[in-house]
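One structure is given here, and the rest of the page talks about it.
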Amino acid sequence: MNGVVGFMYPNEYALQWSILIVLYPFITGLVAGAFILASLERVFRVEAVKPTYRLALLTALAFLLDAPLPLQLHLGHPERSPEMYFTPHATSAMAMFGYVYLWYLMAVLVFEIWLDYRRDIVILSQQSKGLLRVIYKIMTLGSNNISERSLRIDDKVGWIVTLIGIPSAFLLHGYVGFIFGSIKANPWWSSPLMPVVFIFSAMVSGVAAVMLLYMVTTRLRKLAIDMRCVDTIAMYLFYIFIIDFSLEMLDLIHRIYEADESFRSLDFMVHTRLLIPHIVIQICLGTLTPLVLLFLTQVVHFPEAVRKRLYVLSGCLALIGIFAMRWNVVIGGQLFSKSFLGYTTYKMEMVSREGLLVAIGLTILPLFFLWALVKLLPPWPEKSLHQVAAGD
Amino acid sequence: MNISRRHLLILLPAAAVAWKYVEAGTPEASPNYQMSEHWWGMLINIPKCIGCGNCVRACATENDVPDGNFRTWVERYHVTDTNLTTPEVISPDGGKEGFPVAQEDAGKYFFVPKMCNHCADSPCTQVCPVGATFISPDGVVLIDQTYCLGCGYCVQACPYGCRYLHPTKHVADKCTLCYHRITKGLTTACCEACPTGARQLADLKNPNDPIHEFLKTHPVQVLKPQMATGAKAYYYGLDGSVR
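Just so you know, the protein sequences line up as chains A and B, in that order.
In short: position in the first sequence from 1, add 57, done, that's the working numbering.
Under the working numbering, the residue at position 146 of the second sequence is numbered 127, and the numbers go up by one with no gaps.
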């Protein structure tokens, strides 16, 4: 059999989960991480990151809208997916997805964004014209009261929603880790650390993504980057990254030291098929390099221009590293036989339903969602609502 | 014969219902089968298996198994004295057409038929997000293919590699223990085709089933006992090297 070394059970030659399933935890990770960054300002009163607060919320929403698409495209019968809501199987980790997703989307993210933007939406519904006016009218949900008292209530409720949102974000991504971690048939996945590793890697990717988006959008708008803001974000990114890396190394060292029946198989994989994606891209390029760069920014007083470049480089490498981590979990976990006697190869298609082009499309799509959301609900504090209403 | 409009309105729906049954074929009746009276499993006698592949072919024919996928297959192990834990295993086309002649004299060779273990605590049914795969009251792990989403989670969860996604139906598929046969009092296609009796359907709730006598007098083992799946494919003569 082409691409197979040793012995695989005959039903194992082809991988069941493709790049789309790699994309799914990557995207939900960005959602959870972006939300956690937003909560830094709202709940923990880290004022320095305020310029990214609204952008982080909109980023989380844009990626959350995209998150179920790779799953839908992967399903053999996507038309039956509503059954997960109507007849969920109580013992299935995956069955929880629909509820966690809906809870997070509607009860947390959309609600918080609505509360935060309610004053703006009401004003925009009065100032804009044509279709925009109709859209903003609908978005007010009939609530036009923007008195001081009413806005104070919005703020209090928003704070509570964010407070609930933090464990919800953990739940959203922790459950994704649990989907993999609870599969005892697969030693590469089966680990109680998996949900925790997923949560921290999610925070790394989400914080890095929002930092990059903030820097890029500010540059595009020809404004000065708030260095106090990005310095603070980079500091948090560094600390979260250390925890994430420590957890991953703990898992790895534990496996090496314990060396159970699957070890020879996994060890072979790490030295051959996963050498590039795991050792080179994930650990060296995507984790150690940005960690060193971020460490340098913490201990050396670089000029502003150098710091900016280092942050952009670290952010990009962190995103590459986290994507590689998702790849190594999902694809790596299917490359070896459950007999531990053989290895297969993942042959990625280009233009099929689960091919590379679709995956690229689904990765870019949230940026379009974000563009539309930013147009509708500008996260920039310095832009007047009058300009927005006029369509500027 | 004159048919009034009233009669026509009555006859047309009746004819439509009748036609539906003609189209579907008359289902075989199994009025005496009580699920609660059975608990199905399989006894696999490794020393008796000659690796002829009859079982694999019979299963594929009986159940219309797509090429390249297997509801049952046979593996040939080659274990040498110097390498007891990492055997050389082959299963060309699932052993459907038998095996090439063994070239090397060193060590031992034996065949291991594999299939769904119809686990009592099956990890595959546990993870199904909609409960499309389930354990029937008579102990058979089945899939409702009209309900399955085709997510592949059960395929990942099976420690034995017994499941696959059907390439044209796009749903999970696996051994049903020939449920359509055993509920009619027949044995499975693989058991029926085995020339040496290496596979025997076992009803653990039937006190007259010879499985009870066999289990009393022979040491048997299940695959991957550490998985604690409650597997009901009992192997006699299972070598420790078998995965």
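The beta-carbon is built from N, C-alpha and C at its ideal position, and this holds for glycine as well.
Please read these numbers as outputs of a predicted model, since none were measured by experiment.
Quick one: Cα of residue i to Cα of residue j, how far?
i         : j          : result
A/HIS328  : A/ILE388   : 15 Å
B/ARG180  : B/LYS95    : 10 Å
A/LEU307  : B/ASP48    : 43 Å
A/ILE300  : B/TYR141   : 35 Å
A/ILE76   : A/ASP173   : 36 Å
B/PRO176  : B/ASN26    : 12 Å
A/TRP437  : A/ARG111   : 8 Å
A/LEU87   : A/LEU376   : 9 Å
B/ASN139  : B/PRO191   : It should be pointed out that residue 139 of chain B corresponds to Cys in this sequence rather than to Asn. Distance between the alpha carbons of B/CYS139 and B/PRO191: 29 Å.
A/ALA117  : A/GLU361   : 28 Å
A/TYR137  : A/PRO145   : Looking at the sequence provided, one finds Arg at residue 137 of chain A rather than Tyr. Rounded to whole angstroms, A/ARG137 to A/PRO145 spans 12 Å at the Cα level.
B/HIS199  : B/ASN189   : 17 Å
A/PRO108  : A/LEU132   : 39 Å
B/PRO8    : B/HIS161   : Only weak support is given to the placement of B/PRO8: the predicted model assigns it a pLDDT of 47, under 50, and the value that follows is read from those uncertain coordinates. When rounded, the distance between both Cα atoms is 10 Å.
A/ASN59   : A/SER247   : 28 Å
B/CYS97   : B/ALA174   : 18 Å
A/PRO19   : A/VAL369   : Since the first residue shown for chain A is 58 and the last is 449, residue 19 of chain A is missing from the structure and cannot be characterised.
A/MET260  : A/ILE338   : 19 Å
A/PHE426  : A/ALA124   : 12 Å
B/ILE153  : A/ASN68    : Sequence inspection shows Ala at residue 153 of chain B; the Ile mentioned does not correspond to that position. Looking at the two C-alpha atoms, the distance is approximately 12 Å.
B/ALA(-5) : B/ILE(-16) : 15 Å
A/ALA89   : A/PRO135   : 25 Å
Is the beta carbon of residue j closer than 8 Å to that of residue i?
i        : j        : result
B/CYS105 : B/VAL122 : yes
B/CYS156 : B/ARG38  : no
B/CYS109 : B/CYS135 : yes
A/VAL106 : A/THR274 : no
A/THR85  : A/LEU229 : yes
A/TYR232 : A/VAL157 : yes
A/VAL218 : A/PHE298 : no
B/MET23  : B/LYS213 : yes
A/THR344 : B/GLN107 : no
B/PRO28  : B/GLY218 : yes
Take residue i and list the residues in its own chain whose beta-carbon comes closer than 7 Å to its own, dropping the five residues that flank it on each side.
i        : result
A/VAL62  : GLY399, TYR400
B/LYS150 : GLN126
B/TYR14  : THR164
B/GLY32  : VAL55, ARG57, GLY76, GLY79, PHE80, PHE92
B/VAL60  : PRO68, GLY88, LYS89, ASP220, SER222
A/VAL408 : LEU414
A/ARG190 : SER182
A/ARG281 : The amino acid at residue 281 of chain A is misidentified as Arg; the sequence shows Ala. Contacts found: none.
B/PRO148 : PRO47
Within a Cβ cutoff of 6 Å, which residues of the same chain sit near residue i, ignoring the five residues on either side of it in sequence?
i        : result
B/VAL223 : VAL93
A/GLY155 : MET141, TYR142
A/LEU433 : none
A/ILE223 : SER96
A/GLY234 : MET251, PRO252, PHE255
A/ALA266 : LEU87
A/MET65  : SER394, GLY399, THR401
B/CYS30  : PHE92, PRO94, ALA179
Which residue wins for smallest C-alpha separation from residue i, given the options the options?
i        : options                                : result
B/ALA170 : B/SER103, B/ASN35, B/GLN126            : B/ASN35
A/VAL287 : A/ILE310, A/GLU69, A/GLY372, A/VAL79   : A/GLY372
A/HIS335 : A/GLY378, A/ARG111, A/ALA291, A/TYR368 : A/GLY378
A/SER319 : B/LYS213, B/GLY218, B/LYS205           : B/LYS205
A/MET382 : A/TRP428, A/GLN73, A/VAL79             : A/VAL79
B/SER103 : B/ALA83, B/ILE124, B/GLN84             : B/ILE124
A/TRP171 : A/SER207, A/ASP211, A/TRP160           : A/ASP211
B/ALA113 : A/THR354, A/TRP216, A/PHE325, A/ALA152 : A/ALA152
Would you verify that the beta carbon of residue i is, or is not, closer than 8 Å to some beta carbon of chain A?
i        : result
B/ASN50  : yes
B/TYR145 : yes
B/PRO8   : Residue confidence for B/PRO8 is low, a pLDDT of 47 falling below 50, so the modelled location carries little weight; the figure read from the coordinates is stated next. It does not; no Cβ of chain A falls within 8 Å.
B/LEU130 : yes
B/SER72  : yes
B/GLY133 : yes
B/MET208 : yes
Does at least one heavy atom of the ligand ADP sit under 7 Å from the Cβ of residue i?
i        : result
A/GLY263 : Judged by which ligands are present, the structure shown has none, so any question about the ligand ADP falls away.
Is residue i close to chain B, meaning its C-beta is less than 8 Å from at least one C-beta of that chain?
i        : result
A/LEU132 : yes
A/PHE397 : yes
A/PRO347 : no
A/TYR66  : yes
A/HIS146 : yes
A/ALA95  : no
Take residue i and list the residues in its own chain whose beta-carbon comes closer than 8 Å to its own, dropping the five residues that flank it on each side.
i        : result
A/LEU323 : PRO244, TRP245, ARG312, PHE393
A/ALA452 : The shown model of chain A, from 58 to 449, leaves out residue 452 of chain A, and the question about it has no answer.
Return the residues of the stretch 147 to 160 of chain B that lie within a Cβ-Cβ distance of less than 7 Å from chain E, sorted by chain order. The structure shown contains no chain E; its protein chains are A and B.
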